[in-house]
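Colleague: So the protein sequences, as listed, match chains A and B.
In our numbering, each number is its position in the first sequence, counted from 1, plus 23.
In our numbering, each number is its position in the second sequence, counted from 1, plus 23.
My questions all concern the structure below.
There are 2 protein chains.
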Amino acid sequence: MQLPQITRAQLERHLPILNWSRSYTRDTATSDVVAAVIVTIMLIPQSLAYALLAGLPAEMGLYASILPLVAYAIFGTSRALAVGPVAVVSLMTAAAIGNLGLTDPAQIALAAITLAFLSGAILLAMGVLRLGFLANFLSHPVIAGFITASGILIAASQLRHIFGVDAHGHTLIEVASTLFTHLPETNFFTLTIGIAAIAFLFWVRKGLKPLLLSTGLPPRLADVLAKAGPVAAVAVTTLAVWLFGLQNWGVAIVGTVPTGLPPLTAPSFDPALWSQLFMSALLISIIGFVESVSVAQTLAAKKRQRITPDQELVGLGASNVAAAVSGGYPVTGGFARSVVNFDAGAETPAAGAFTAIGIALAALLLTPLLFFLPKATLAATIIVAVLSLVDFSILKKTWGYSKVDFIAVAATIALTLGFGVETGVSAGVILSIGLHLYKTSRPHVAEVGLVPGTQHFRNILRHEVETLPELVTLRVDESLYFANARFLEDYVLNRVACDQPLKHVVLMFPAVNEVDMSALESLEEINKRLSEMGIRLHLSEVKGPVMDRLQRSHFLDELTGQVFLSQYDAWRALQPDPPTGTDQESLAAQ
Amino acid sequence: MQLPQITRAQLERHLPILNWSRSYTRDTATSDVVAAVIVTIMLIPQSLAYALLAGLPAEMGLYASILPLVAYAIFGTSRALAVGPVAVVSLMTAAAIGNLGLTDPAQIALAAITLAFLSGAILLAMGVLRLGFLANFLSHPVIAGFITASGILIAASQLRHIFGVDAHGHTLIEVASTLFTHLPETNFFTLTIGIAAIAFLFWVRKGLKPLLLSTGLPPRLADVLAKAGPVAAVAVTTLAVWLFGLQNWGVAIVGTVPTGLPPLTAPSFDPALWSQLFMSALLISIIGFVESVSVAQTLAAKKRQRITPDQELVGLGASNVAAAVSGGYPVTGGFARSVVNFDAGAETPAAGAFTAIGIALAALLLTPLLFFLPKATLAATIIVAVLSLVDFSILKKTWGYSKVDFIAVAATIALTLGFGVETGVSAGVILSIGLHLYKTSRPHVAEVGLVPGTQHFRNILRHEVETLPELVTLRVDESLYFANARFLEDYVLNRVACDQPLKHVVLMFPAVNEVDMSALESLEEINKRLSEMGIRLHLSEVKGPVMDRLQRSHFLDELTGQVFLSQYDAWRALQPDPPTGTDQESLAAQ
């Protein structure tokens, strides 16, 4: 009996770890460990903060930063991507779970775990079915608008922790209005901690590294210290709460975070819950994948490496399934931490596995220290991190370049702020597809003439060209398909309606990449109508794939005119008094 | 005080009746009356039958054939279109009302009236906003598949009347399974009437006219008599039931049909009902409009007349609102009766108004005669009428021409039969848009070379062409937009990856009708990456509108190469040893 042969290359394609682990050396390991230490320091406060943003207990953030990183190290293709809880996906998790209207913390945690499982399953399925191209339907402007609006929503949602008041909601209006209502209840100790933390973190970001460099520290160490800013903020504010007993003065603290490694968990298999969470899981998967893949591609390009988008889907899918079985919630590759990982010298995905060990140690040893950590400090961490996502320049860029893109990005921003993340990004996708279809349903059709002294034909309205009274040449600047088939019919028939000397219409097809069944029927109709008026219809510069297809229909038999290889052949053949021999040539060209 | 001036031309555009009524003569009136008589004879049994198909009382079919015809005569632009209840829209009405789960006949009638009102309002709104192009998103194959599947569903749903048993459902499986369950209860008197009527109607359709002609009758009269076939079937079977008291033997009859003109009715304004019916009304509007406009266009073309699609929306919208205020249900232009109207010599929409008078007389005088009319006869009328809609040749045509169109049509047929009309047509539209986007997301890219002795460039794989080792020219056969931007990036970078002597890449853009923001960012990325490899990027044959837009971005400043007016200019300029003077020329071409 012979087993099906699996080659090493196939295995390596699906398990990228086999690829890089072969050439793993002590030097590479050292680089990876250094990067892992820096990322761990950065990731501990971020994990806690994003879990709170998602409306989950802080420890779920830590759990989501352990096993998922190991899974990505095995299945992922990017050498620098750092996976874990990220801001936008945490916000989307909060929205998805908010829709369910749950109040029991155990049920909320179960929903988050199930969401991670579903989105892992969706990513894995997309990877296996090679559906990575679906992510392309999120246009760059829609993503940019969505990220900016999400950043604003996230920052706004964290203000309640800064003011120490109650506020909630999934849209900017809900958040702002509940916040304003409760503003008189502001806790001034909390506000002081929050504002001090924000100010400190901004200063760390802009001023600390230059300062450290000026004291003569080596650049790499200065960098590490600057990244440790949030840890310093956490340590100092936690100490302050403990020393002055500020929790008794109304400062909200993280409280008990269970000590120990992540528990083994299982998602819910309740079909009702699955159907409620499915659309959210799909959106989280696609947004998470797009964000992650664009970070991975940017970093890979810097080192002339390549990533495999379909295998990235598998890597992220495995990470999310890992999150689901270890008490986490949806994860993806984060921008800031991946850049830090890259800059710190991570050479292989092993850096992620080492980071996981760091976070696991934190979960085992540090959680008792987090009891007095004020939520305001975590909120400050989030606000400073997400404000770097907010970038309105895309509005200006698209306004100058393309009004259609501008509409898509402006609508995405407005709808995300006004109706929440899920409505915003869905509307952005639908709108950009709709606007694209609308544009292609009214194609640009140019009447062209010969540029004197060349064999080149251009628009008679834009260039000085030669024309003939018996001949109209229309260049159709779009593939012909159902949405614009009737438009072309109307256009051609209107153009020829009152043109008496006309004998020939040439449709020039260099830009026609497809003629579908509906368009074929329209062409047959045009041919028939023109023939009734005594006008012959010709085609020129029909592309190979289009011609192949036309040859499989009856259209070419019915066509009253000819098909010319080039428009110049058509021009010469259809002259009222053609030079001798042209007819033969053009026939040969068919 | 001066009122805004409305010109006669503007008024005529919105009230087409002003246009044709000016030149209305006694001759035209005679033609119209003759056509009206024939259509009335045809329409009486059809109206009753389609109302039963829609699950409504028979008189609602008559009511829907009076005022709506008058409204269309005023606002419609087609001179031969006959408006009224039609098979497919009746089936869709049955599905829409079936979704509501109502049992009270008064509530069912109110729902049908509300559906007519909503679909009238949608059509009017589309007409005023000039949204007629939306109908283009129903591709020809999807419509063909949908009509075929609807015909089968309708015929299947009528079999219960032929067998005289209870069966129901909105999908083929539901209808067939309930029918089989009840088959032992078949009423043999009903079955005899039903089969006899079907056989007679088929014979009328195929054999009667030739027979009448052979007896020496004038062709026009033979035609009229052949069209009166269903009336003969109605008369004979009604008489048979009355004579033999078959209603006592279980033959289902129409029963009391109220005598008199249509009542004045008002739709419900209950927001809950509106939101339940909205999607159905939208689908009915679009399907009805597409069906109607294609009939109108076919007939107009035969007389070199033109119809105005946006004004047609207004005409059909007014008809449906008229149906709603006069106890009717959704109507549209029907194929069979419009052809009859046209063949019978209708010259203006006044023929429709005369038909309305005929139906009104029938509602006033004939309804008592309909008491003993067996439902089996009406079912036979429907079955014979709809079987002419069933045409599977579209499957063969699309299979040969385009697999993508085949998938769309096959899925539309399967889903309409399997899941009902609303799911079927929605899935057809979404699928054809999805497949179109999928195709454009993986564009055809051809590497091209010079056809010797010409200035023409073609695919190196299909033609014998000249190439240069330093130069790769890629012709991109698709507009560049978000869905394929990354594809192009990958394609170009893969192509140049291991090509050592390469110095220049020319992207030839004759088929690129658009470069959106996402694609612009991809081009910037390609330019940057190629530049890092020491390769210059050029563009050629960029279309006017695309060039205009590129000039508004920074891309042309960053471009490492040039933009050439024609590919031949690029070819000459980028030769390793270019002829003198070329550089100046190509610069001038920018």
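Backbone N, C-alpha and C fix where the C-beta goes; we use that ideal spot for every residue, glycine too.
Using the DSSP secondary-structure output, state which residues sit across from A:Met-531 in a beta bridge.
Modeller: A:Arg-498, A:Ser-563.
Colleague: With DSSP run on the structure shown, which of helix, strand or coil describes B:Pro-475?
Modeller: Three-state DSSP puts B:Pro-475 in coil, outside helix and strand.
Colleague: Please classify B:Leu-516: does DSSP put it in a helix, a strand, or coil?
Modeller: Of the three classes helix, strand and coil, the one that applies to B:Leu-516 here is helix, per DSSP.
Colleague: Does the separation of the CB atoms of A:Leu-625 and A:Ala-431 fall below 8 Å?
Modeller: It is not possible to answer for residue 625 of chain A, since the shown part of chain A is limited to 24 through 613.
Colleague: So, for A:Glu-564: in the same chain, excluding its five sequence neighbours on each side, which residues have a beta-carbon less than 7 Å away from its beta-carbon?
Modeller: If we look at A:Glu-564 and ignore the five residues flanking it on each side, its Cβ neighbours are Met-531, Phe-532, Pro-533, Ser-589, Gln-590.
Colleague: Just the C-alpha distance for A:Phe-225 and A:Phe-186, rounded to the nearest angstrom, thanks.
Modeller: Going from the Cα of A:Phe-225 to the Cα of A:Phe-186 covers about 18 Å.
Colleague: If I measure Cβ to Cβ from A:Ser-54 and keep anything under 6 Å in the same chain, skipping five residues before and after, which residues do I get?
Modeller: Excluding residues within five positions, the ones whose Cβ falls inside 6 Å are Gly-368, Glu-370.
Colleague: Answer with yes or no whether the minimum CB distance from A:Ile-330 to chain B is below 8 Å.
Modeller: For A:Ile-330, the answer is no, since every Cβ of chain B falls outside 8 Å of its Cβ.
Colleague: Could you pull the start and end residues of the alpha helix (DSSP H) that A:Asn-42 belongs to?
Modeller: Unbroken alpha helix (DSSP H) run through A:Asn-42: 40–45.
Colleague: Can you find a CB in chain B that lies within less than 8 Å of the CB of A:Ile-456?
Modeller: Cβ-Cβ to chain B under 8 Å: yes for A:Ile-456.
Colleague: Between the Cα of A:Ala-408 and the Cα atoms of A:Ser-70, A:Thr-30, A:Val-444, which residue gives the shortest distance?
Modeller: When each option's Cα is compared against that of A:Ala-408, the closest is A:Ser-70.
Colleague: What's the C-alpha gap between A:Val-274 and A:Leu-262?
Modeller: Near 13 Å, if we compare the C-alpha coordinates of A:Leu-262 and A:Val-274.
Colleague: When the Cα atoms are used, what is the spatial distance from A:Ile-40 to A:Gly-375?
Modeller: Cα to Cα, the separation comes out at about 12 Å.
Colleague: Pull out every residue of the segment 526–545 of chain A whose Cβ sits closer than 8 Å to any Cβ of chain B, in chain order.
Modeller: Listed by position, the residues of the segment 526–545 of chain A near chain B (Cβ gap below 8 Å) are Pro-533, Ala-534, Val-535, Asn-536, Glu-537, Asp-539, Met-540, Ser-541, Leu-543, Glu-544.
Colleague: Between the beta-carbon of B:Ala-167 and the beta-carbon of B:Ile-456, is there less than 8 Å?
Modeller: No, Cβ-Cβ distance for B:Ala-167 and B:Ile-456 is not below 8 Å.
Colleague: Check B:Ala-612 in the structure and name its three-state DSSP category.
Modeller: Low confidence applies here, because B:Ala-612 scores a pLDDT of 41, under 50, leaving its location unreliable; read the following figure in that light. Here B:Ala-612 sits in helix by DSSP.
Colleague: My guess is that A:Asp-428 and A:Thr-421 are in contact by the Cβ rule of under 8 Å, so how many angstroms apart are they, rounded?
Modeller: Right, the Cβ-Cβ distance comes to about 4 Å (below 8 Å), so this counts as a contact.
Colleague: Let me know the secondary structure DSSP gives B:Asn-159 once reduced to three states.
Modeller: It is helical.
Colleague: Mind the definition here: the segment 441–448 of chain B touches the segment 155–172 of chain B only if three or more C-beta pairs lie below 8 Å; say whether that holds.
Modeller: Verdict: yes, contact present.
Colleague: Would you mind sorting B:Asp-500 into buried or exposed? The rule is 16 or more other CB atoms within 10 Å of its CB.
Modeller: So B:Asp-500 counts as buried.
Colleague: Report the three-state DSSP secondary structure of A:Thr-605 (helix, strand or coil).
Modeller: Confidence at A:Thr-605 is low in this model, with a pLDDT of 45, below 50, so its placement is unreliable and no value can be given for it.
Colleague: Pick helix, strand or coil for A:Phe-267, following the three-state DSSP scheme.
Modeller: In the structure shown, A:Phe-267 sits in a helix (DSSP, three-state: H, G or I).
Colleague: Taking the beta carbon of B:Asn-507 as the centre, do at least 16 other beta carbons fall within 10 Å, making it buried, or is it exposed?
Modeller: Classification of B:Asn-507: buried, given that the 10 Å Cβ count is 16 or more.
Colleague: By the 8 Å beta-carbon criterion, what residues does the segment 296–315 of chain B contribute toward chain A?
Modeller: Taking 8 Å as the Cβ-Cβ cut-off against chain A, none of the residues of the segment 296–315 of chain B qualify.
Colleague: Looking at the structure shown, is B:Leu-182 part of a helix, part of a strand, or coil, going by DSSP?
Modeller: In this structure, B:Leu-182 counts as helix in the three-state DSSP scheme.
Colleague: Do you know whose CA, among B:Ser-554, B:Leu-269, B:Ile-131, B:Ile-89, lies nearest B:Pro-80's CA?
Modeller: Answer by Cα proximity: B:Ile-131.
Colleague: From the DSSP output, in three-state form, read off A:Val-488 for me.
Modeller: Coil at A:Val-488, not helix or strand.
Colleague: Hey, is B:Tyr-514's beta-carbon within less than 8 Å of any beta-carbon in chain A?
Modeller: No - not a single Cβ of chain A is within 8 Å of the one on B:Tyr-514.
Colleague: Whether or not the segment 87–94 of chain A and the segment 337–352 of chain A are in contact is what I'm after, with contact meaning three or more pairs of Cβ atoms, one per stretch, closer than 8 Å; do they touch?
Modeller: Yes, the segment 337–352 of chain A is in contact with the segment 87–94 of chain A.
Colleague: Please list, in chain order, the residues of the segment 490–514 of chain A that have any C-beta partner in chain B closer than 8 Å.
Modeller: Cβ contacts with chain B come from Asp-500, Glu-501, Ser-502, Tyr-504, Phe-505, Ala-506, Asn-507, Ala-508, Arg-509, Phe-510.
Colleague: For A:Asn-122, which of helix, strand or coil comes out of DSSP?
Modeller: If DSSP states are grouped into helix, strand and coil, A:Asn-122 belongs with coil.
Colleague: Under the DSSP definition of a beta bridge, which residues are partnered with A:Arg-481?
Modeller: Answer is A:Gly-472, bridged to A:Arg-481.
Colleague: B:Lys-566 touches chain A at which residues, Cβ-Cβ below 7 Å?
Modeller: Residues of chain A passing the Cβ test: Asp-500.
Colleague: How far does the alpha helix (DSSP H) with A:Met-65 in it reach, from first residue to last?
Modeller: First-last of the alpha helix (DSSP H) with A:Met-65: 49–76.
Colleague: If you draw a straight line from the alpha carbon of B:Leu-525 to that of B:Val-519, how long is it in whole angstroms?
Modeller: Those two C-alpha atoms are separated by around 8 Å.
Colleague: Please confirm if A:Gln-478 has its CB atom under 8 Å from at least one CB of chain B.
Modeller: Yes - at least one Cβ of chain B is within 8 Å of the one on A:Gln-478.
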